[in-house]
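Step one of this worksheet: look at the structure below.
Numbering (full-length UniProt numbering), first residue to last: 1 to 151.
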């Protein structure tokens with residue numbers, strides 16, 4: 001675990017809000033020089049604080065107006081390998097995340113669809129036909145607030 005000071009935390013918060021900021025602009029906001037800011041960002045990156053760079057898509061702008069969290073309980077744990085289920089579910093493009101969890105369900109999936117009829121199609125034709133799927137519970141997202149994290 002890397003030790004973080006207040007400036008490191010401010011850099012992390014600022015980059016979580018807008019990862020396109022230059023080290024110079026970020027440094028000006030924090031009262032640091034561009035080289036000092038760049039060195040701190042490099043140290044944080046090398047320590048693994050920042051994950052892979054990604055583009056944050058606006059799913060609604062792309063026509064995906066519905067997000068659903070699915071709890072999936074496998075029917076027979078001994079007969080179907082977890083790897084087979086995970087491999088099959090990762091092949092479904094509408095499934096954005098696959099989480100193996102403890103609790104009432106074995107997996108938690110984040111699924112996007114154009115609308116509810118499209119979600120029903122994905123559920124019936126793709127998810128319910130996966131190897132070992134038993135019980136499924138759907139929770140439709142009504143609204144979502146993104147939080148930058150605990151820093």
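Every residue, glycine too, gets a C-beta built ideally from N, C-alpha and C.
Since the model is a prediction, treat every value here as computed from it, not as a measurement.
TODO: Starting from the Cα of residue 154, find the closest Cα among 111, 71, 42 and 123 and give me that residue.
DONE: There is no way to answer for residue 154, as the model of the chain reaches only from 1 to 151.
Task: Endpoints, beta strand (DSSP E) assigned at residue 96 - done: As a first step, residue 96 is located in the chain shown; it is residue number 96 there, counting from the start. It spans 95-100 - the beta strand (DSSP E) in which residue 96 sits, taken as one unbroken run.
Task: Straight-line gap, residue 113 to residue 35 (C-alpha atoms, nearest Å) - done: Walking along the chain shown from the start, residue 113 turns up at place 113. Walking along the chain shown from the start, residue 35 turns up at place 35. Going by the C-alpha atoms only, they are around 44 Å apart.
TODO: Following the continuous alpha helix (DSSP H) through residue 105, name the residue where it begins and the one where it ends.
DONE: Here residue 105 refers to the residue found at position 105 when the chain shown is read from its first residue. From DSSP, residue 105 is part of no alpha helix (DSSP H); its letter is neither H nor E.
Open item on the list: In this structure, how does DSSP classify residue 125 when only helix, strand and coil are distinguished?
Closed with: Working through the chain shown from its first residue, we reach residue 125 at position 125. It is helical.
TODO: Note down the Cα distance separating residue 47 from residue 15, rounded to an integer number of angstroms.
DONE: The residue labelled residue 47 in the question sits at position 47 within the chain shown. The residue labelled residue 15 in the question sits at position 15 within the chain shown. Distance between the alpha carbons of residue 47 and residue 15: 16 Å.
Task: Beta-carbon proximity list for residue 134, same chain, < 7 Å, skipping 5 on both sides - done: Taking the first residue of the chain shown as 1, we reach residue 134 at position 134. The answer, listed in chain order, is 73, 74 and 75.
Task: Among 96, 86 and 109, nearest to residue 132 - alpha-carbon criterion - done: Position 132 of the chain shown holds residue 132. If we check each option's Cα against that of residue 132, 86 comes out closest.
Open item on the list: Considering just the uninterrupted stretch of the beta strand (DSSP E) at residue 91, what are its terminal residues?
Closed with: Within the chain shown, residue 91 is the residue found at index 91, counting from 1. Looking at the DSSP string, residue 91 is not in any beta strand (DSSP E), and its letter there is neither H nor E.
Open item on the list: Looking at residue 23: is its Cβ nearer than 8 Å to the Cβ of residue 37?
Closed with: The count along the chain shown starts at 1 and reaches residue 23 at position 23. The count along the chain shown starts at 1 and reaches residue 37 at position 37. Yes, they are a contact pair.
Task: Beta-carbon spacing of residue 139, residue 68 below 8 Å - done: Residue mapping note: residue 139 aligns to position 139 of the chain shown, counting from 1. Residue mapping note: residue 68 aligns to position 68 of the chain shown, counting from 1. Yes, Cβ-Cβ distance for residue 139 and residue 68 is below 8 Å.
Task: residue 60 in three-state terms, based on DSSP - done: Within the chain shown, residue 60 is the residue found at index 60, counting from 1. Coil.
Task: Every unbroken alpha helix (DSSP H) inside the UniProt domain "HTH asnC-type" (4-65) [4 residues or more] - done: Taking only runs of at least 4 residues, the alpha helix (DSSP H) segments lying wholly in the UniProt domain "HTH asnC-type" (4-65) are 6-17, 23-30 and 34-46.
TODO: Compare the C-alpha of residue 1 against each of 137, 7 and 45 and name the closest.
DONE: By 1-based counting over the chain shown, the position of residue 1 is 1. For residue 1, the nearest C-alpha among the options comes from 45.
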